[in-house]
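Inspection log for the structure reproduced underneath, given as structure tokens.
2 protein chains.
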Amino acid sequence: MEVKSNNITVERTKRSKIDQVDFDNLSFGSVFADHMLVCDYKNGEWGAPSVVPYQPIELEPSAKIFHYGQSIFEGMKAYKDDQGGVWLFRPEENQKRLNISAKRLAMPELPKEIFMEGLATLLQVDQEWIPQTKGSSLYIRPFMFASGNGFHASPADAYKFIIACAPSGPYFSGKVKVLIEERYSRAANGGVGFAKAGGNYAAQFYPTQLAVQKGYNQVIWTDDNTHEYIEEAGAMNIFVRINDTLITAPTNDRILDGITRKSILDIAADEGIETEVRKITVAEVINAAKDGSLKEMFGAGTAAVVSPISAFGYKEVDYNLPELDQSYAALLKKRITDIQYNRGDDKFGWRYRVL
Amino acid sequence: MEVKSNNITVERTKRSKIDQVDFDNLSFGSVFADHMLVCDYKNGEWGAPSVVPYQPIELEPSAKIFHYGQSIFEGMKAYKDDQGGVWLFRPEENQKRLNISAKRLAMPELPKEIFMEGLATLLQVDQEWIPQTKGSSLYIRPFMFASGNGFHASPADAYKFIIACAPSGPYFSGKVKVLIEERYSRAANGGVGFAKAGGNYAAQFYPTQLAVQKGYNQVIWTDDNTHEYIEEAGAMNIFVRINDTLITAPTNDRILDGITRKSILDIAADEGIETEVRKITVAEVINAAKDGSLKEMFGAGTAAVVSPISAFGYKEVDYNLPELDQSYAALLKKRITDIQYNRGDDKFGWRYRVL
Ligand SMILES: Cc1ncc(COP(=O)(O)O)c(C=O)c1O
Ligand SMILES: Cc1ncc(COP(=O)(O)O)c(C=O)c1O
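Residue numbers (numbering that gives the first Met the number 0), protein chains in the order written: chain A, 0 to 354; chain B, 0 to 354.
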């Protein structure tokens, strides 16, 4: 057992699994690095974090995670540059958002040091797991859940915070075709849509399965009241380009305040692209598709990076998007990944060196 | 290891904890019976159920329950009568509802035999755990969650179904004061409010904590769009008596179709009480409170049985309800518990003998 300068203990695995991994053919989030960071909350306080071998978790059957859905998470990536340097992208934003989610789910907030130093220590221990292959990265999953026991429907008295990592390739393989949802919804006004709460994702699976059966990859959610406004997709915020203006919906308590989304808005403005943050109606998008002013749609998120949408369906009609030579999506994706992989200028100060 | 006639294996505990339990002073859902039923789903099918000692569950850190909230549950009770007979109340309704929840959460439906026979076997093994003390019962918690692994936001490929039990006293101690919610909500149109999904409960905790800080026990949820209509409470459906009419909101995709609720409607009709299932506005309830026509409000649910509401708050004003000599709540509670504990006639055929 080592003790790091920041008081985080490290217990290294005796059998690394790294030799079993084909780093040239990584899927998304299905092989896991050798170690994880664990930190327990009980008796009203967080204990000392430690890095331990990635291993099963033991919980009582009455642990509240199984019954009352108190679980939140974050999604980040570690990027390795050509010189072997390791970078994060705006990690403090994830740390802040984790605590925003925690508050809404009546879970304890996690001190910033535990998050930041825990993550840095874990990445140091598992640095060999960060892929250098193009388009790959180490997907990082910080999560917190209710480990305290009891069948009473009230917040738990104990929680576990864990960071686990998975070397990953692209989230989507190939083109993305989406369905604009008319019936189901992911979030309520006054609900938890703005939080990265586990329950938000389970709620999306069934409608998404229905869309997949019809040949789409993702659902685009609309507001639950009228289904007239475009909100976001399962794990991405949505951008629409009409003529030369790039539009995305404002965040609210139903929509996740995506870090990629706000970075894209800044980069686009920096590129001189006209951006609008305003409500987008489905009708407007359909009309623009019909009159040819709809040039592009794309999703933006940590996992999906910038994912161009090739077509969308609405009320049994499919609308194809043109293939552009000089798309905003391609430009913005290049700029953001150049920052992430330390290939370009970091004029916004978003890059964060880990190693 | 015994094998029961229905092919359910039983492994009995070597150390019963029953001697440590004070059956005269039971709280709700905090001590757990010696055994549990476990059944695993993988490779597209359910395995054989077994009764095993109540024991910790081991899961990978990437198990989807921790990340994507795929969890559903039911709440039932086993009642012991004066002769030691053991009864359930409309258990097939819980079995059906579990599968309604499963479908919406993209989880596999559980065959009826596993539910019914598994439960019967478990209750036989743990029959000493069913309290005979007045007002107590064995609270039964069937639940299912995603045990399959992976960080991809999609349904798991493996699930666990468990039934665990907790000998329990009343859910509420004393009078119940509720707050009618104006800002937060528990469910979206087109969402999962009608399912007993874990995430619905976590979403309620923070607003409920705010209400508790103001001196209330529970929140009464209103529709997420206008907050003008009364929907239900955290773990109960809500009834309002205006003059001599008993009113409850219709169920929809935001509201749980409570078994107690529908039983109460039938019993009330049988008692010659006029009932209405229709939308209830907050304004109507406030006006009725002001002009004296609001006679009663109560919650109805398996855990809370029939829980009279003594006062409600709305926009910083508290409205007290009168104390009636002959309340509907008392009458209906007596009739339903007489059926449940085998003290009275079962004209609807709701009682289900287990032992
Ligand atoms: C619902 C939802 N919307 C949007 C996003 C994109 O957010 P970010 O760019 O911070 O990854 C995510 C993924 O994190 C998400 O889960
Ligand atoms: C949200 C909610 N509403 C209502 C109820 C009451 O339903 P039932 O009478 O079937 O227990 C419950 C409890 O089960 C519940 O969780």
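Ideal placement from N, C-alpha and C gives every residue a C-beta, glycine not left out.
In this structure, ligand 2 has a non-hydrogen atom nearer than 7 Å to the beta-carbon of methionine 235/B.
Shown here, lysine 3/B sits in coil according to DSSP, grouped into three states, outside any helix or strand. Chain-ordered, the chain A residues with CB closer than 9 Å to the CB of lysine 102/B read Tyr205.
Under the DSSP definition of a beta bridge, asparagine 148/A partners with Ala62/A. DSSP places glutamate 112/A inside the alpha helix (DSSP H), whose first and last residues are 111-124.
Contact check for valine 353/B against alanine 119/B passes: the beta carbons are separated by less than 8 Å. Proximity of chain B to methionine 35/A at the Cβ level (cut-off 8 Å) is accounted for by Pro60, in chain order. Straight through space, the alpha carbons of glycine 68/B and serine 136/B are spaced by roughly 29 Å. Counting only residues of its own chain and dropping the five nearest sequence neighbours on each side, lysine 102/A has a CB closer than 7 Å to the CB of Glu108.
Check the Cα spacing between phenylalanine 144/B and each of Ser61/A, Ile139/A, Glu180/A and Glu91/A: the tightest is with Ser61/A. Just measuring C-alpha positions, the residue of Phe347/A, Arg140/A, Glu92/A and His226/A sitting nearest valine 30/A is Arg140/A. When only Cα atoms are considered, isoleucine 7/A and arginine 334/A end up about 35 Å apart.
In the assembly as shown, methionine 0/B is an exposed residue. Its beta-carbon has fewer than 16 other beta-carbons within 10 Å. For leucine 87/A, the shortest separation between its Cβ and any heavy atom of ligand 1 does not lie below 7 Å. In its chain, beyond the 5 residues on either side, Ile64, Phe65 and Ser146 have a beta carbon closer than 8 Å to the beta carbon of leucine 58/B. Chain order gives the chain A residues near arginine 182/B as Gly189, where near means a beta carbon separation below 8 Å.
Between glycine 300/B and threonine 259/B a beta carbon distance of about 5 Å is seen, short of the 8 Å cut, so the two are scored as contacting. The C-alpha of glutamate 73/B is placed about 40 Å away from the C-alpha of threonine 247/A.
For lysine 133/B, the closest of Leu36/B, Tyr53/B, Gly83/B and Gly198/B by C-alpha to C-alpha distance is Gly83/B. Within the model, the alpha-carbon separation for leucine 331/A versus asparagine 148/A is close to 46 Å. Among the residues of the segment 69-93 of chain A, those with a Cβ less than 7 Å away from any Cβ of chain B are Gln69, Ser70 and Phe72, in the order of the chain. Against chain A, a Cβ distance below 8 Å from glycine 233/B picks out Ala152. In terms of Cβ geometry, glycine 198/A and aspartate 252/A do not form a close pair [threshold 8 Å].
Counting C-beta pairs closer than 8 Å gives fewer than three between the segment 196-214 of chain B and the segment 236-246 of chain B, which falls short of the contact rule.
As computed with DSSP, aspartate 39/A is found in a beta bridge with Lys159/A. Not a single CB atom of chain A sits nearer than 8 Å to the CB of asparagine 236/B. The beta carbon of glycine 257/A lies closer than 7 Å to those of Asn236, Ala299 and Gly300 in the same chain, with the five residues before and after it left out.
Boundaries around valine 284/A are those of the alpha helix (DSSP H), 281-290, since no beta strand (DSSP E) includes it. In the three-state reduction of the DSSP assignment, glutamine 203/B falls in the helix class, which pools H, G and I. The beta carbons of asparagine 242/B and serine 292/B sit closer together than 8 Å. If you ignore the 5 residues before and after valine 20/B, its C-beta comes within less than 7 Å of the C-beta of Val30 and Pro166, all in its own chain and listed in chain order. Three or more beta-carbon pairs drawn from the segment 31-49 of chain B and the segment 151-161 of chain B are found closer than 8 Å, and the two stretches are therefore classed as touching. Pairing glutamate 230/A with aspartate 222/A gives a Cβ-Cβ distance under 8 Å.
By alpha-carbon distance to methionine 296/B, the top candidate from Tyr138/B, Glu270/B and Ala329/B is Ala329/B. Here the alpha carbons of phenylalanine 347/A and isoleucine 71/A stand approximately 28 Å from one another.
For lysine 195/A, the CB falls within less than 7 Å of some heavy atom of ligand 1.
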